[in-house]
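Numbering (the working numbering) for the sequence shown: 23 to 418. What follows is a set of notes on a single structure, which appears directly below.
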Amino acid sequence: MSPSARSVASPRVVSIGDFRAIAQRRVPKSVFDYLDGGAEGEVTLRESCRVYEDLTFRPRHAVAFDHCDLRTRVLGFDLALPFLLAPVGYSRLMHPVGEVGAARAAGQAGTAYILSTISGHKLENVKAASTGPVFYQLYLMGGRGAAEASIERARAAGFSALVVTIDTPVSGIRERDFRNGMKELVSGGPFQKLPYLPQILSRPGWLISFLRDGGIPALPNVVIPGKGPMPLIDVAVALAESAVTWRDLAWIRELWRGPIVVKGVLTADDARRAVDEGAAAISVSNHGGRQLDCVQPSLRALPEVVQAVHGQTEILLDGGIRRGADIVKALCLGARAVLCGRAYAYGLAAAGEAGVNRAIEILRADLDRTLRLLGCPSVAELDRSYVNVPKHWDAN
Ligand SMILES: Cc1cc2nc3c(=O)[nH]c(=O)nc-3n(C[C@H](O)[C@H](O)[C@H](O)COP(=O)(O)O)c2cc1C
């Protein structure tokens, strides 16, 4: 067992917060802050984690059952757990196993993995690694030609759904990345990199594995016709040139013909628009507080969206989930399942695939325990009667 795998196997690792601390020790500050940080003043990031405290539980005591059923169904797929692994860009910088390891871990746990466009492993290898459903998250980076090629490859490789992220017309400004020289480190010349090198050299274990893995990867899933894979030089510029609009959705639907998830809905209006555009599911999401700062936490937006959608499409939610109890609260308010981002990515940065496995296991155990303490035998039976919701949440 590698030292990092040993570190997460310790009985003292009991919560996602413990992985965060281990990740902080293993990867350079620039990589950790890229994963951990949010946009501007990080108001939405902080609030997205804190907001779960606003809901309190209403347990049914003196109830016992042998088996606790955590299964749910998303886009027609039976999942063993009510959470999926969210798309997390640059996962291969966190650990060489990156998206392949995360997809394999998801499959082993009986759940789905969503591969980001900004990924370091070929989508075919990611799909092949998982025994579960794998979805492809689409940015129109590199133009329509590149998007068409990746949609075609995703279909041929057996991806089950397309996740179209609608909240990124430009990249949010994550101030920590600028202070840490993320751009210079990824794309600058030797002199531009120099001031930022000490933090990299202070993590020799990570550095050796990164260099052995070939250094900065190109983006193998953004292949520009006639040019080849897009270099990982300035993703922010590429994103600014690739804003997706509702009009693009018709074109994407025509090309893909499979289920589409619209990710990044925060209002009733956008939820209804996504339904009109034929979304099979939506994810209520503020991109983990990494795009527009000072938008409301997705949990807070959930009641408005549930009411607007009237069961016409499946509702997922992501943002701020660090415990199984957070997942239970989102399900009580009407989400069918949630996406976890940092919760597994801290595990990946801490110990690669072993870290993702352990993070999933901790969330699974949290869910089982929370349901038993609530007196609810299955996630399918969770509803608002198990939580106190602040009155003003329904006032919109
Ligand atoms: C490091 C990092 C990279 C991300 N990259 C993407 C991405 O490429 N595409 C996308 O749609 N969402 C991306 N997200 C957002 C996640 O899919 C998800 O919405 C968010 O992480 C949920 O919040 P949480 O991290 O608090 O769970 C990223 C999130 C993080 C933390």
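Built from N, CA and C at the ideal position, the CB exists for glycine as well. Note that the coordinates shown come from a computational prediction; the quantities given were computed from them, not determined experimentally.
Give a yes or no on contact between the segment 337 to 352 and the segment 302 to 314, applying the rule of three or more CB pairs nearer than 8 Å.
-> yes
Under 8 Å Cβ to Cβ from Asp199, same chain only, skipping five residues before and after it: list those, please.
-> Position 177 of the sequence shown, counted from the start, is the residue given in the question as residue 199. Once the five neighbours on either side are set aside, the close Cβ partners of Asp199 are Ser52, Asp55, Tyr56, Gly59, Lys205.
Compute the minimum distance between the beta carbon of Tyr135 and the heavy atoms of ligand 1, and state whether it is under 8 Å.
-> Translated into the one-based positions of the sequence shown, residue 135 becomes position 113. Not so, every heavy atom of ligand 1 lies at least 8 Å from the Cβ.
Classify Leu396 as helix, strand or coil using the three-state DSSP reduction.
-> Counting from 1 along the sequence shown, the entry for residue 396 is found at position 374. Reduced to three states, the DSSP call for Leu396 is helix.
Three-way DSSP call (helix, strand, coil) for Arg90 in this model = On the sequence shown, position 68 is the one that residue 90 refers to. The question names Arg, yet the displayed sequence has Cys at residue 90. Coil at Cys90, not helix or strand.
Over what stretch of residues does the beta strand (DSSP E) that includes Tyr158 continue unbroken?
-> To locate residue 158, count along the sequence shown from 1; it is residue 136. From DSSP, the beta strand (DSSP E) with Tyr158 extends over 156 to 160.
When burial is assigned at 16 or more other CB atoms within 10 Å of the CB, is Gln214 buried or exposed?
-> Translated into positions along the sequence shown, residue 214 becomes position 192. It is exposed - the Cβ of Gln214 has fewer than 16 other Cβ atoms within 10 Å.
Just to check, is the beta-carbon of Arg364 closer than 8 Å to a non-hydrogen atom of ligand 2?
-> Judged by which ligands are present, ligand 2 is missing from the structure shown, whose ligands are ligand 1.
In the DSSP assignment, find the beta strand (DSSP E) that holds Leu361 and state where it starts and stops.
-> Residue 361 sits at position 339 when you count from the first residue of the sequence shown. Counting along the chain, the beta strand (DSSP E) containing Leu361 begins and ends at 359 to 362.
Ser52 CB to nearest heavy atom of ligand 1 below 8 Å = Position 30 of the sequence shown, counting from 1, holds the residue named residue 52. No, since every heavy atom of ligand 1 falls outside the 8 Å radius drawn around the Cβ of Ser52.
Could you tell me which of Val186, Gly164, Glu146, Gly203 sits nearest to Arg177, measuring between CA atoms?
-> Counted from its first residue, the sequence shown places residue 177 at position 155. The candidate whose alpha carbon is nearest that of Arg177 is Glu146.
Take Asp235 and list the residues in its own chain whose beta-carbon comes closer than 6 Å to its own, dropping the five residues that flank it on each side.
-> As a working mapping, residue 235 is identified with position 213 in the sequence shown. Excluding sequence neighbours, Asp235 sits near Pro118.
Between the segment 78 to 85 and the segment 127 to 136, are three or more C-beta pairs nearer than 8 Å?
-> no
Of the residues Leu233, Val257, Phe232, which one's Cα is nearest the Cα of Val244?
-> Here residue 244 is taken as the residue at index 222 of the sequence shown, counted from 1. Considering only alpha carbons, the answer is Val257.
Note down, one range per segment and in chain order, each beta strand (DSSP E) of at least 3 residues found wholly within the segment 96 to 153.
-> 99 to 101, 105 to 107, 135 to 137
Give the straight-line distance between the Cα atoms of His89 and Arg82, rounded to the nearest whole angstrom.
-> In the sequence shown, counting from the first residue as 1, residue 89 sits at position 67. In the sequence shown, counting from the first residue as 1, residue 82 sits at position 60. Going by the C-alpha atoms only, they are around 16 Å apart.
Just the C-alpha distance for Ser29 and Lys249, rounded to the nearest angstrom, thanks.
-> Reading the sequence shown from its first residue, position 7 is the one you call residue 29. Reading the sequence shown from its first residue, position 227 is the one you call residue 249. Rounded to the nearest angstrom, the two C-alpha atoms are 43 Å apart.
Which full runs of the alpha helix (DSSP H) of 4+ residues lie inside the segment 315 to 371, going along the chain?
-> 320 to 331, 346 to 354
Would you say Arg47 and Gly194 are within 9 Å of each other, going by their C-beta atoms?
-> Residue numbering aside, residue 47 sits at position 25 when the sequence shown is read from its first letter. Residue numbering aside, residue 194 sits at position 172 when the sequence shown is read from its first letter. No; because the gap between Cβ atoms is not below 9 Å, this pair is not in contact.
Classify Trp268 as buried or exposed, calling it buried when 16 or more other Cβ atoms lie within 10 Å of its own Cβ.
-> Walking along the sequence shown from the start, residue 268 turns up at place 246. Label assigned to Trp268: exposed.
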